[in-house]
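Undergrad: Heads up, the sequence shown is in our numbering, so the first residue is 117 and it goes up one at a time. Note that beta-carbon positions come from the ideal geometry of N, C-alpha and C, so glycine has one too. For clarity, every value in this text was computed on a predicted model and none was experimentally measured. What follows is a structure written as structure tokens; I'll ask about it next.
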Amino acid sequence: MGKSGSFRYIDVAIPLPIPNLYTYEVPDEYYEAVAPGMRVTVPFGKSKIYTGIIFNIHQTKPEKYTPKPILDLPDAAPVMTPSLLKFLSWMADYYMCTIGEAVNAALPSGLKLSSESNIQRHPDFELWESQHEFSEQEAAVLERLEETDSLTYPEVARMLEIKSPHQLIHRLAGKGAVLIYEQLQEKYQPKKVKMIRLAPDFARDHLSLEQVFGQLSRAPKQEDILLFYLKEIPVFDQPEANEKGMEKSVFSKSGLSTSALNQLIKKEILEEFEVQVSRFPESKDPVKTIQLSPVQNAAKEDILKVFRTDSTALLYGITGSGKTEIYIDLIQKNLSEGKQSLYLLPEIALTTQIVTRLKAVFGNKIGVYHSRFSDNERVEVWNGVLSGRYQAVVGVRSAIFLPFDRLGLVIVDEEHENSYKQYQQAPRYQARDAAIMMGVIYGAKVLLGTATPSVESYFNALEGKYGLVNINERFGTAVLPTVEIANISTETKKRTMKGPFTGLLKEKIDHALNEKEQVILFQNRRGHSHFITCQDCGWTAYCQNCSVSLTYHQYQKRLICHYCGYNEPMPLQCEACGSTRLQTVGYGTEQIEEYTQTLFEDTATARMDLDTTRSKTGYEKIIQSFEAGEAEILIGTQMVTKGLDFGRVGLVGIMDIDRMMHFPDFRSRERAFQLAVQVSGRSGRREKPGLVILQTRNPEDALINQIRNHNYEDFYHQEIVQRQKHLYPPFSRLIRISIKHRDAGTAEAAGKYLAKKINQSWPKLPVLGPEPPLVNRIRNLYYQEILIKLVKGIPIQTIKAGLNVLAMETNARPEFKSARIVFDVDPH
């Protein structure tokens, strides 16, 4: 019984795809401690243990099941703020996922407790009394358990050199020899550093210390260590410095003997101890100030004027107009008011360059959060936001989940980028749209910034939903680059093409290199070639698991699927007819790099794509190398289009715009325009105008002319007419339903059944499909897709709730039980 004379219950979100919060009983010892937002260790199912998050505290016992008591509270205080709990509830509701999936996406792995099976020797077991026989392997495990308290399953497997120890362990348990139990392991480990200090007995007076040197007269190496320590640490003048000590690693780095140091510790002359330190050492550099130009300052004042009446503003500023400095100034103002700031960026590559600029201004007040950080680093930033160490955070889309409690400003830079959309797992959220909802829930202002607004954001600004602020000129004396068109069709006929390079692009690259300028070449496809084919029979290498051709990667000499990762060696002959006449088709970034190195022999190149930036510091190294002039030509995918600022880039080559323009998607022309204009903006960012060469087979297309003239308004007005005609966003909201199954016929039948149910429930609702998508098999699962258009006036929440019920009804049918149905709200 609780202290008030009644049971107390908590509703917990467990990080699993289960629809509801689960209710647990709070034992007396935790009665005063529980609070919403705290982590709680709970049993779930037969033997599993999870860390959940407390959402509600109440006195109502559930009717359908008897709640189990909680096991532990790992922390003394909540790890999630009330606003974050509300935000996660909204996210689960809006993006049609479970609250458990939302919590799982938010919480860093290092804050999730995991249960791991362990075994220990049964306390009542004696081998000589047992009636059972034990194999050699079983006996080895029992012998080891006499030496150690417990063993994990992986430890048993390694010890016996077997793949799975489960059957052996269960045999031991059945013979009463061992107990199996679940032991919780806290993943987050604070970083600790070993320190050295002079023992207090010798730090009191000079006489004690002189006696020590007398003892060390025959140990010169130990004497050297002590002298070194006393030189660095003024023991008698600053006793607190000795209390703080010196890092143990300093001695070995200074060439002093480690064994001699350990001898001094053993003699208790020096003390060794550990201290917890940050994984992000504090900067000691002086903080810089930002000076806005008159144009930038006017834009900032316009933004602040919008914020007086509206929560969201769109800053539409052409490439190179100095938007970053405006963001920095706004963050400074926000911090001065005691509020937190979140600065979102679409890519880790962009984060790398921006962080350097932000650290110079904000020093240790700013934290960085992205997926390339280790679990422990992410936990440290999470805790830094909770504790107030970080008043501002710069990060990629997952940073929206950090536990802010005084959030005053959210900046979404390059708001048009589709990298803000989470495609892979639930919740399939759009960080830009979620940030706007953060403004509502947290009471913060939201600034969307871009040189090429998304059609939806610009529409909302023109409709008055967002405030609109324009910057129409580049920062300082810089001007927009000149765009010239290179006609691939004409040059192919004239035979002036050099592989993927038109004669015009090669000529301009030669000129730029002679002028000591750098060059960026943009090709939105990684790998060496799109695919390989047999010149005799037409055979093409396809993935075994997906309905896509394999991409050839020259450096690995392998064919790789970009959907599931399946790979195989480059074949020596055609697998159909045996011919050796295999040829590669299309150009990826690898092959562009190869041609570049051939055509411009003595020029250093660098490549920025997913293959070259997989490591934690991959982006950083390439960017720093290019900034330092170690490479003259940078070849890359869309990573090179995103806000990077290189002072010496005089030429940008867009290798092939046509493939992006004609991709079968209603957003393809929008994305082609955005990518082309954004990558063009990397050119000529100082006094000298830049040049862009745009290679195309369709020079007469209206979009080519819009890109050449940097004419977003013309593009927008042409595009918005098509969107309205076909009821695409912003004139509707889309829900895409994917039906997946290992059997193509079952996937199709389940899709037709679900579509029929939807049409019966809402006869006037525009429903497309089911039909197989462009890639209809991924990882051996066949796909069918249904697209629903929710136009204005349709009750969206009613439709979402109904769709969830229809999906459950579909899965309830025996023939569709194993079909997986996935909702994607606002697919991009």
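Just mark S605 as buried or exposed, buried being the case when its beta carbon has 16 or more other beta carbons within 10 Å.
TA: Burial call: exposed.
Undergrad: Closest by CA to V156, which one among L564, P185, A255?
TA: When each option's Cα is compared against that of V156, the closest is P185.
Undergrad: Can you name the start and end residues of the beta strand (DSSP E) that H486 belongs to?
TA: No beta strand (DSSP E) holds H486; DSSP gives it neither H nor E.
Undergrad: In the DSSP output, which residue or residues are listed as bridge partners for G565?
TA: L431, D529, per the DSSP bridge assignment.
Undergrad: Helix, strand or coil: how does DSSP classify T696 here?
TA: Looking at T696 - three-state DSSP - the assignment turns out to be coil, as it is neither helix nor strand.
Undergrad: To which residues does DSSP link N683 through a beta bridge?
TA: Per DSSP, I676.
Undergrad: Name the DSSP bridge partner or partners of Q392?
TA: Per DSSP, K308.
Undergrad: For the beta strand (DSSP E) containing Y898, list its first residue and its last residue.
TA: Segment 897-907, the beta strand (DSSP E) holding Y898.
Undergrad: Determine the direct distance from the alpha carbon of R544 to that of K905, and round the result to whole angstroms.
TA: Looking at the two C-alpha atoms, the distance is approximately 18 Å.
Undergrad: Could you give the DSSP three-state label for A928: helix, strand or coil?
TA: If DSSP states are grouped into helix, strand and coil, A928 belongs with the helices.
Undergrad: So P888 and L843 are in contact, right, with Cβ under 8 Å, and what is the actual spacing, rounded?
TA: About 22 Å; that fails the 8 Å criterion.
Undergrad: Taking the C-alpha atoms as reference points, what is the distance between T608 and L810?
TA: Between T608 and L810, the C-alpha separation is close to 15 Å.
Undergrad: Taking R798 as the reference, which of T435, S573, A860 has the closest Cα?
TA: Nearest C-alpha to R798: T435.
Undergrad: From which residue to which residue does the beta strand (DSSP E) around A863 run?
TA: It is not in any beta strand (DSSP E) - A863 instead sits in the alpha helix (DSSP H) that spans 860-877.
Undergrad: Less than 8 Å between the C-beta atoms of H248 and V294, yes or no?
TA: The answer is no: Cβ separation not under 8 Å.
Undergrad: Would you tell me roughly how many angstroms separate the C-alpha atoms of I170 and N821, rounded to the nearest one?
TA: Straight-line Cα distance between these residues: approximately 56 Å.
Undergrad: Would you call the CB atoms of A568 and V795 closer than 8 Å?
TA: Note on residue identity: the sequence assigns Thr, not Ala, to residue 568. Against a cut-off of 8 Å, the Cβ pair of V795 and T568 comes out as no contact.
Undergrad: In or out: V497 buried (at least 16 other Cβ within 10 Å) or exposed?
TA: Classification of V497: buried, given that the 10 Å Cβ count is 16 or more.
Undergrad: According to DSSP, simplified to helix, strand and coil, what is F939?
TA: Residue state, collapsed to three classes: strand.
Undergrad: Take L750 as the anchor and find which of H532, K561, A720 has the nearest alpha-carbon.
TA: Measuring from the Cα of L750, the nearest candidate turns out to be A720.
Undergrad: Near A289, what residues of its chain come up, given a Cβ to Cβ distance below 6 Å and the 5 sequence neighbours on each side ignored?
TA: The answer, listed in chain order, is I296.
Undergrad: From I587, Q790, G292, pick the residue whose C-alpha is nearest to that of E245; which is it?
TA: The candidate whose alpha carbon is nearest that of E245 is G292.
Undergrad: Taking only beta-carbon positions, decide if R522 is within less than 8 Å of chain B.
TA: Among the protein chains of the structure shown there is no chain B, as only one such chain exists.
Undergrad: Can you name, in chain order, every residue of its own chain whose Cβ lies under 7 Å from the Cβ of M207, other than the five neighbours on each side?
TA: Answer for M207: A218, P543, Y545, A550, listed in chain order.
Undergrad: Quick check: the Cα distance between R513 and P879, rounded to an integer number of angstroms?
TA: About 37 Å.
Undergrad: Roughly how many angstroms lie between the CA atoms of K455 and K561, to the nearest whole one?
TA: So the two alpha carbons sit approximately 11 Å from each other.
Undergrad: Would you call the CB atoms of M311 and G361 closer than 8 Å?
TA: Their beta carbons are under 8 Å apart, which means M311 touches G361 by this criterion.
Undergrad: Is it a yes or a no for the stretch 329-349 touching the stretch 426-433, going by three-plus beta-carbon pairs under 8 Å?
TA: No, the stretch 329-349 does not touch the stretch 426-433.
Undergrad: Please report how far the alpha carbon of M196 lies from the alpha carbon of K202, in whole angstroms.
TA: Each residue's alpha carbon lies about 10 Å from the other.
Undergrad: For F638, which of helix, strand or coil comes out of DSSP?
TA: Residue state, collapsed to three classes: strand.
Undergrad: So, under 8 Å CB-CB, V941 and I855 are touching, yes? Tell me the CB distance rounded to an integer number of Å.
TA: No, V941 and I855 are not in contact; Cβ-Cβ is about 16 Å, not under 8 Å.
Undergrad: Kindly give me the distance between the Cβ atoms of M212 and N875, rounded to whole angstroms, as I take these residues to be in contact under 8 Å.
TA: The Cβ separation is near 19 Å, so there is no contact.
Undergrad: Assuming the contact rule is C-beta atoms closer than 8 Å, L460 and I527 should be a hit. Round their C-beta distance to whole Å, please.
TA: So it is a contact: roughly 7 Å between Cβ atoms.
Undergrad: Hey, which unbroken runs of the alpha helix (DSSP H) at 4 residues or more fall wholly within the stretch 268-303?
TA: You should have 269-276, 282-290.
Undergrad: Can you tell which of E262, T176, R929 has its C-alpha closest to the C-alpha of E242?
TA: That would be E262, whose Cα lies nearest to the Cα of E242.
Undergrad: Check the DSSP bridge columns for V701 and list the partner residues they point to.
TA: BP columns for V701 point to F647.
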